[in-house]
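In the working numbering, the protein residues as written are 7 to 90. Ideal Cβ positions, reconstructed from N, Cα and C, are used throughout, including at glycine. The structure presented is a predicted model; accordingly, all values stated were derived computationally and were not measured. Read through the structure below, which is laid out as structure tokens, and then see the notes.
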Amino acid sequence: MSIVIVVLVANGWISYANSQWLRKHDRWVSHTLEVLVHMESFQGSLIDAETGGRGFLLTGDESFLEPYESGTASVPVESETSIA
7 MSIVIVVLVA
17 NGWISYANSQ
27 WLRKHDRWVS
37 HTLEVLVHME
47 SFQGSLIDAE
57 TGGRGFLLTG
67 DESFLEPYES
77 GTASVPVESE
87 TSIA
């Protein structure tokens, strides 16, 4: 009878430890996905700024400055976003 109790307690402890491990790793996965979303947005802003700047330098057409200005305006905001 005591062996059954020991096995049940051990089983309960192992189940609890596994659930804690899963919760911890689930939080890390969620955090990683959040970081990836921020980085994708940040990269898009940098690409807009680069494209607009290059277009203006090559053509002299000020209409290319619009994506440059919108990209550079959002870069500081996105780079200061706290992800930690």
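Cα-Cα separation, residue i to residue j
i: K30; j: P73; result: 41 Å
i: W19; j: V10; result: 14 Å
i: T38; j: P82; result: 21 Å
i: G59; j: E75; result: 9 Å
i: A55; j: H44; result: 17 Å
i: A79; j: E46; result: 16 Å
Buried or exposed by the 16-neighbour rule on C-beta atoms within 10 Å, applied to residue i
i: D67; result: exposed
i: G50; result: exposed
8 Å Cβ cutoff met for residue i and residue j
i: G77; j: L42; result: no
Three-way DSSP call (helix, strand, coil) for residue i in this model
i: G66; result: coil
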